[in-house]
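Visitor: Attaching a single structure in structure tokens format; questions to follow.
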Amino acid sequence: MRVMLFSDFDARGYRTVDVRSGYGEWVRTYERSVEDVMDIGLLDRLTEPSWDRARRVADLACGTGRTGAWLRERGAAAVDGVDLTPEMLDRARVRGAHDYLGEADVRDTGLAGGAYDLVVASLVDEHLADLSPLYREAWRLAASGGVFVLVGYHPHFIMHAGMPTHYTPPDGEPTAISTTVHLISDHVTAALAAGWQLAEMREGVIDEQWLAVKPQWKRFRHHPISVATVWRKP
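Residue numbering for the sequence shown follows UniProt numbering, starting at 1 and increasing by one per position.
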């Protein structure tokens with residue numbers, strides 16, 4: 001699998017920080033920066049899984065608890081979350097959507113194996129140099145017949161726009177968080193190697209809903225920006 005360096009596409013030249021440092025600082029404005037149309041809107045379009053039938057969910061890279069709260073609203077019975085950033089977990093605890101929250105890497109969560117009928121990971125894969133450990137860990141967590149749902153930035157958008165995951169800290173200097181470009185075929189290769197079967201895939205594009213919140217992105221109209229995949233464990 002060829003590694004795609006973001007530096008080959010970078011059109012911004014922002015200073016770059018590691019994931020823990022970046023999200024630890026971004027947490028103050030994160031909720032005002034990330035638009036639901038990016039990830040939550042795409043989850044809403046999936047025809048499976050049946051969210052309200054999820055008895056126990058593992059929410060990987062749970063962040064401030066946005067996804068966990070959405071899962072609860074859709075009827076998920078119990079949600080356990082892990083995240084690498086303590087400051088994000090603090091916000092998630094205040095939100096109160098999770099039954100358990102722990103500080104851990106998505107590639108080694110420490111959660112119980114085979115205990116979850118649904119595993120979810122949102123907006124994290126671009127921060128991983130190698131996708132295989134994520135898919136293997138999701139497989140370990142999932143019960144037989146379980147589902148893994150992953151939603152993230154579309155590689156086309158990262159490459160075409162040359163835009164990394166970034167935020168603006170108090171000093172006003174835009175700052176990027178370490179970003180890696182993964183082709184969709186990289187995801188398929190890693191998932192199949194871990195044993196997953198593809199059940200569904202949806203791509204989100206810059207449309208009128210997007211332009212309502214990002215009118216400056218008219219030049220990106222009709223370009224794909226996010227992608228969601230649903231994987232089933234036989």
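C-beta: ideal position from N, C-alpha, C; glycine also. Because the structure is a prediction, the values reported are computed rather than measured.
Determine, using beta-carbon pairs with one atom in the stretch 27–36 and one in the stretch 47–57, whether at least three such pairs fall under 8 Å.
Guide: no
Visitor: Does the count of Cβ pairs from the stretch 88–107 and the stretch 132–139 closer than 8 Å reach three?
Guide: yes
Visitor: Are Y167 and S21 closer than 8 Å when you measure CB to CB?
Guide: no
Visitor: Does the beta-carbon of Y100 have 16 or more other beta-carbons within 10 angstroms, so that it is buried, or is it exposed?
Guide: Its Cβ having fewer than 16 others within 10 Å, Y100 is exposed.
Visitor: At which residues does the alpha helix (DSSP H) containing A69 begin and terminate?
Guide: 66–73
Visitor: Per DSSP, which residues does M201 bridge with? Please list them.
Guide: T229
Visitor: Just to check my reading of the structure: D125 and H182 have Cβ atoms closer than 8 Å, yes? What is that Cβ distance to the nearest angstrom?
Guide: 6 Å
Visitor: Count the C-beta pairs between the stretch 2–12 and the stretch 61–80 that are closer than 8 Å, then say yes if the count reaches three, no if not.
Guide: They do not touch, by the three-pair rule.
Visitor: Between V120 and A142, is the Cβ-Cβ spacing less than 8 Å?
Guide: no
Visitor: Can the beta-carbon of T175 be found closer than 8 Å to that of R15?
Guide: yes
Visitor: Tell me the DSSP bridge mates of F220?
Guide: DSSP output for F220 lists no bridge partner at all.
Visitor: Tell me the residue span of the beta strand (DSSP E) that contains R15.
Guide: 15–17
Visitor: So which of G65, D18, F148 has the shortest CA-CA distance to G102?
Guide: G65
Visitor: How would you call K218, buried or exposed, if buried means at least 16 neighbouring beta carbons within 10 angstroms?
Guide: exposed
Visitor: Excluding the five sequence neighbours on either side, which residues of its own chain have a C-beta within less than 8 Å of the C-beta of G75, listed in chain order?
Guide: W51, D52, R53, A54
Visitor: Pull up the distance between the alpha-carbon of S144 and that of D117, whole angstroms please.
Guide: 8 Å
Visitor: Nearest by alpha-carbon distance to T189: which of F220, K214, W231 is it?
Guide: The option with the nearest alpha carbon to T189 is W231.
Visitor: Determine the DSSP secondary structure at E35, reduced to helix, strand or coil.
Guide: coil
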